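All remarks here apply to the structure that follows.
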Amino acid sequence: MRRSFLGFTVSRAGARLKVADQAIDKLKARVRALTGVWNASKTAHGPWRISKTSALTAALPRRTFQHMGLPELAA
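Heads up: take any position in the sequence shown, counting from 1, add 232, and you land on the working numbering.
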């Protein structure tokens, strides 16, 4: 039976643990995905706290929503 590489190597000659770079990158990406959304939603007023920020306005300008045909809630 042939097994695929698990992503890490343990050696008995000394205390050595080698984790594959791809395994570390995959773990970091998963942690970023899980914590990024969670951290934004647990602010004092939830995701509404960031609704008037310049970063969000730059990422999603008003014309984006107008192009989608969505009505405006405020002028």
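Note that CB positions come from ideal geometry on N, CA and C, so glycine has one too.
Remember, it's a predicted structure, so these values are computed and weren't measured experimentally.
Counting only the Cα atoms, Asp253 lies some 21 Å from Arg244. DSSP places Thr289 in the uninterrupted alpha helix (DSSP H) bounded by 286–291. Between the alpha carbons of Arg294 and Ala261 lies a distance of about 30 Å. Taking the CA atoms as reference points, Leu302 sits about 28 Å from Ala265.
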